[in-house]
Each structure stands twice: as structure tokens, then as C-alpha cells.
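Working notes, structure below.
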Amino acid sequence: MRDGLFIDGEWVAPARGGSFPVIDPATEEVFAHAPAGTAEDVDRAVRAARRAFDEGPWPRMSGRERAAVLRRIADGVTARQDELARIEVRDNGKPLPEALWDIGDVAGCFSFYASLAEALDDAEEAIPLGDDRFSTTVVREPVGVAGAIVPWNYPLLMAAWKVAPALAAGCTMVLKPSELTPLTSLELGAIVAEAGLPAGVLNIVTGTGPDAGQPLTEHPGVDKLAFTGSVPTGSKVMMAAARDIKAVSLELGGKSPFVVFADADIEAAVEWIMFGIFWNQGQVCSATSRVLVEENLYPALLERLVAEASKIRIGDGMEEGTLLGPLVSKGQYDKVLAAIARGTAEGATVAGGGRRPAGLNTGYFLEPTILTDMSEDSFVWREEIFGPVVCVKPFADEADAVRMANESRFGLAAAVMSKDRARCDRVARAFRAGIVWINCSQPTFTEAPWGGYKQSGIGRELGRWGLANYLEVKQITAYETERPWAWYIK
Ligand code: NAD
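Counting along the sequence shown from 1, when you hit position 346 you're at 345 in numbering that gives the first Met the number 0, and nothing is skipped either side.
Listed below in C-alpha cells is the structure:
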């Protein structure tokens, strides 16, 4: 475990000293401490990133040279996959196989953006003009110093979704992980140093949102802010960005629908519904937390869902066979329990789960929970709960399903299941959401764009869209003829 912040290639104590406890949500015990960064540390980190950008080699290297470093980072992550995954389990609570999957994706993300960095060397583009006296070339350049703020649900993966494309583009950056899960981000500091990333290119400051996150959003030395987290914090980040006209990309919350038609295979539907809401304890921005089932399938599907959900093995993420770990923190646990209580107070029925599992008296454990009978304007139907809680509702016909699916202030993801592929395609296009799954829920690919409509965010991460977040576009136009311009001087 690291006890320093990673600034300018070195491990340094926070300016005001101090640390904060990191709690294992399966045992409720403090198992580590992380350095408590504050505005002074953020300032030091931004200055280091600024120097590395304005004077250092990184933005001036070719894409191929940067790609070599990115590949070494990917190798470093792969070499430590098991260790990093185990830290993630203790930090976040997720089952070990999920954490191993996440860390595999982290390495994949660095490899993918290494290839995109290489392609940048050949990305100059001649623009055909309607005037042959001029030639115009478009070049892409790094946007500058990026400030990245990430949440706790996929600690290192959410960091990689920002760090890998930013580094590929030639940016330098300051990363602020969540105070609930700071440890793997600090390990990334050690990995990038071993991979030969020049000092100051990636700086990592741990600390709370108000103490370390906010100063980063307000720092005049930052050119671009990339944020993943809740809507209220995203709104604050955008307001801070507005003051200095910083570029901003936001990946925020969701309340994503999953529409299941009556012709769907019931076993496949139950499997994907559960994967869509119980993976990572439902603490997934794109979780399909509102399930809409065609009326004549509804009773049978609900019965199968309740039966299967009750069999999910709950326990410490380190224990073999665990499929559902604890929620990340006491705060999140209380929030999810309060949402269930509010749901029932407003008329919802708990069709399955809803309680602390028998025999698990310590740790933030909750049974997989299925709510029914809620109204469309109830809290549980409209708001993100961010826990293993799914709301299930019947619908009458396709138009009814699409209307209910789209009636949300969020628009991150949506899913549809039917044997009728034409109907799936029609509904997929009718969804007002940035990510749509047909006959599945949640599969995520580094190559494909990720982000939401409406209050779910601004911009896209992953794929070539993720790289574009960190690139400026410059046109260079030349006057190519000897003929005088002859406007003033005839
Ligand atoms: P959060 O908004 O509470 O915190 C996110 C990050 O912002 C943390 O690092 C936190 O320290 C920091 N922060 C808090 N206050 C700040 C401030 N005033 N200024 C700057 N930074 C501040 O969110 P969370 O609880 O960590 O994460 C859960 C949320 O993240 C959910 O709403 C979820 O949907 C969303 N999320 C979205 C995606 C996506 O890709 N769209 C992915 C994962 C999580």
C-alpha cells in the first residue's frame, strides 16, 4: 500500500499531512489508509502536469513512441492482475472473478489506446476546398492538462477509461480517484513509473471530493475535465468548468430500462435481467434497473426471477463461489435500504429479497431485491438506487413499453429482448439512450462508444470517441499561389 501521493514522478506526503481510512465493506474493518490530498497538493500536481505538457517530451513524442509506453503499462497491469484484483475486492467489495475481469479490461484499454496513438501519426487530413488558391490540412493535437475524477464502482477501470486515451493523445493529467476506493489508482502510479512514463505526465492525488476534487475542477492550469460520477456532482463540475471555459466530458447516472417481450426465452430473460442488475451489486451506471415485461409473460417471468435471484450466493468477494458481495460503504448501504423503505411506503411490493441475508451480520450485505407494483411516478421507479434492486412492471404493447422506457431524465442505456429481430431493431432505435443492448444487457467493449443522452452525461468515452475527448482539432490553411490577393493593393 502507498502512503504518498504520486506527483511529478515521486511519492510525496500530502502538504497538510494526514490520511483517511479505507474500509473493507465485507468486514467493516479499516484495512488501509490513503493520503489525504488537499488544494495545495492538487496545485502541485497541476503545476507538474503543466510543466510536463508545456516543456516535457510527452506531447512532442510520436504516437508510436507513446504507444510503446502504453503497451508497457498494459503489461505492467497484466503482470499484477491478481494483486490489483484482490485490492479492488477489499476496497470495493465486488466478487474476485468480477475484479479479475475489470483488471483484464484495464490492460485491454491501455493496449487499445496504444493502437490509436500509433494511428494518430497518420491522422493528418487534407481537406478538399472549393478554392484552389488555398490548401487546408487538419491536424490533431493534445488538448493539454486533463483533470480526471472517477467514482468507486469500477475504481481502476474508470480511471483507465480516462488515463489511457488522454495519454495516447499526448495529454498530461491529474487523476483523483474516489475516497472510498483509492488504492488501485495509487498502484497505477507505480506501474506507469516502471513503464517509463516521463515524470509529471500522470499525477495521482487521493482525497475527498470537496478537498481534492473541487480544487482540481477549479484550477486554472487544467484545460479539460473528465468526470464520472453522480448527476449532482457532475453539475458542480460543469459549473466549475464554465468559469474558465474548460472542455468537459461527463459520464453520469442512469435508470436504464430493459423491455422483455412475451416471445422471449424466459430462461435467457431471467439470466440477462439478473446480469443487468446484480453484477457489481447493482452499482453500475448502466444497470438495467427498470424491467418492463409484456403482460402475458409477466407472472411467469416474475416467479422465475424471484426464484433464481434467491439462489445467488452472497458473501465476502474473496470467498470462492460468491456472486454478490457487499455494497461499497455504510453510506451506500443506508441509501439503498432507505430507497427500498421509501418504495414500499409509496406502494411498492417487495417480491423478493430486501433484507440483510441471514447469517451475514457484519458487512454491507443485501439480498438481491425485486420490487413490483410501484407507480410510474414513484421514487424507486424514477431515481437511481445504485444497489441490487430491480423494479419490474408489466406493459400492454410496444408503444406503451417504449413510452415508459423513455420517460426518464436519464438516457444512459436500454435493453430489449424478443425473438423478433425486426421488433428489437425498431425498439432499439426508438430508445432515447446512448447504449442499447439487444437480447442481452451490460456487455461493454473498449472499441465502442460509451455515454448517455439527457442527464446521463455529455460526450462519449471509449473507442475513437474516447480519444477525441483529449484532442484539439487544428486547421492549417496555406495560400498556395504567387498571384497577389489584390483586395487593398490593386
Ligand atoms: P460521486 O458524484 O459522489 O463522486 C464521484 C467522484 O467525484 C468521486 O471521486 C468524488 O470524490 C468526487 N467529488 C465529489 N464531490 C466533488 C466536487 N464537489 N467536486 C469535484 N469532485 C467531487 O459519485 P459516486 O457515488 O462515486 O459514483 C456513483 C455515481 O457514478 C452513480 O450516479 C453512477 O451512475 C455514476 N457512474 C457513471 C458511470 C458512467 O459511465 N456513466 C460509470 C460509473 C459510475
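We put the CB at the ideal spot given by N, CA and C, even for glycine.
query = For D90 versus L182, is the C-beta spacing smaller than 8 Å?
reply = Going by C-beta atoms, D90 is nearer than 8 Å to L182.
| Can you tell me whether DSSP reads Q474 as helix, strand or coil? | Strand, per DSSP.
TODO: List the endpoints of the continuous alpha helix (DSSP H) containing T232.
DONE: Segment V230 to D243, the alpha helix (DSSP H) holding T232.
> What distance in whole Å lies between the Cβ atoms of F226 and R422, which are believed to be in contact at a cut-off of 8 Å?
Replying inline: That belief does not hold up - the Cβ atoms of R422 and F226 are roughly 36 Å apart, past 8 Å.
Q. Out of P154, A147, V191 and L155, which has the shortest C-alpha to C-alpha gap to T216?
A. Comparing Cα-Cα distances from T216 to each of P154, A147, V191 and L155, the minimum goes to A147.
**Message:** Let me confirm a value: M0 is counted as buried when at least 16 other C-beta atoms fall within 10 Å, else exposed. Which label applies?
**Reply:** exposed
Suppose contacts are defined by Cβ-Cβ distances below 8 Å. Is I362 in contact with P24 by that definition?
Looking at the sequence itself, residue 362 is Gly, so the reference to Ile does not match. Their beta carbons are under 8 Å apart, which means G362 touches P24 by this criterion.
(message) Suppose contacts are defined by Cβ-Cβ distances below 8 Å. Is A168 in contact with L466 by that definition?
(response) yes
Residues near V472 in its chain [Cβ-Cβ closer than 7 Å; skip 5 each side]
V137 and R139
| message | Between G103 and ligand 1, is there a pair consisting of the residue's CB and a ligand heavy atom that are separated by less than 7 Å? | response | no
- Item | Residue from D121, P34, D262 and S18 whose Cα sits closest to the Cα of F5 | When the alpha-carbon of F5 is set against those of D121, P34, D262 and S18, the nearest one is in P34.
What are the boundary residues of the alpha helix (DSSP H) that includes W271?
First-last of the alpha helix (DSSP H) with W271: I265 to F277.
*On the three-state DSSP scale, how would you describe N468?*
coil
**Asked** In or out: Y487 buried (at least 16 other Cβ within 10 Å) or exposed?
**Response** exposed
Quick one: residues in its chain with C-beta nearer than 6 Å to the C-beta of A414, no 5 flanking neighbours on either side, listed in chain order? F257, T287, W436 and S440
Practice problem: Could you check how far apart the C-beta atoms of D42 and H218 are, in whole angstroms? I think they sit under 8 Å. | Solution: With a beta-carbon spacing of about 7 Å, D42 and H218 fall inside the 8 Å limit used to define contacts.
Give a single yes or no on whether K334 has its beta carbon closer than 7 Å to a heavy atom of ligand 1.
no
Exercise for the section: Apply the 10 Å Cβ neighbour rule to F394 and answer buried if 16 or more other Cβ atoms are within range, or exposed otherwise. Expected result: Buried.
Subject >> Range covered by the beta strand (DSSP E) that runs through E9 >> reply: E9 to V11
Alpha carbon to alpha carbon, what distance is there between I203 and V221?
-> Between the alpha carbons of V221 and I203 lies a gap of roughly 14 Å.
Return yes when the C-beta of N152 is under 7 Å from any heavy atom of ligand 1, and no when it is not.
yes
- prompt: Would you say the beta carbon of S177 comes nearer than 7 Å to a heavy atom of ligand 1?
  reply: Checking every heavy atom of ligand 1 against the Cβ of S177, one is found closer than 7 Å.
Across which residues does DSSP place A414 in a beta bridge pair?
F257 and W436
| said: Assuming R381 and S417 are in contact, meaning their beta carbons sit under 8 Å apart, how far apart are those beta carbons, in whole angstroms? | reply: Their Cβ separation, rounded to whole angstroms, is 25 Å, which puts R381 and S417 out of contact at 8 Å.
Practice task
Check whether the Cβ of I522 lies closer than 7 Å to any heavy atom of ligand 1, and answer yes or no.
Solution key: Residue 522 lies beyond the stretch modelled for the chain, which goes from 0 to 489, so this question has no answer here.
Please name the residue or residues paired with L249 in a DSSP beta bridge. F226 and I457
Worksheet item: Are at least three pairs of beta-carbons, each pair with one atom in the segment 306-314 and one in the segment 364-382, less than 8 Å apart?
Response: yes
- Item | Of the listed residues G103, R63, L83 and F111, nearest to D121 (C-alpha basis) | R63
Closer than 7 Å: is that where the CB of K235 sits relative to any heavy atom of ligand 1?
yes
**Asked** Over what stretch of residues does the alpha helix (DSSP H) that includes K329 continue unbroken?
**Response** K329 to A344
Check whether the Cβ of Q454 sits closer than 7 Å to any heavy atom of ligand 1, and report yes or no. No, the beta carbon of Q454 sits no closer than 7 Å to any heavy atom of ligand 1.
Does M273 pass the burial test, meaning 16 or more other C-beta atoms within 10 Å, or should it be called exposed? buried
- Task: Taking A163 as the reference, give the member of M317, V21 and V68 with the closest Cα.
- Result: V68
With a threshold of 6 Å on Cβ separation, who are the neighbours of G195 within its own chain once the five nearest residues in sequence on each side are excluded? V68
Self-check item: Bridge partner(s) assigned by DSSP for W57
Solution: Paired residue(s): none; W57 is not in a bridge.
Exercise for review: Tell me whether G524 is buried or exposed, calling it buried when 16 or more other Cβ atoms sit within 10 Å of its Cβ.
Suggested key: Past the boundaries of the shown model lies residue 524; the chain is included only from 0 to 489, so the question cannot be answered.
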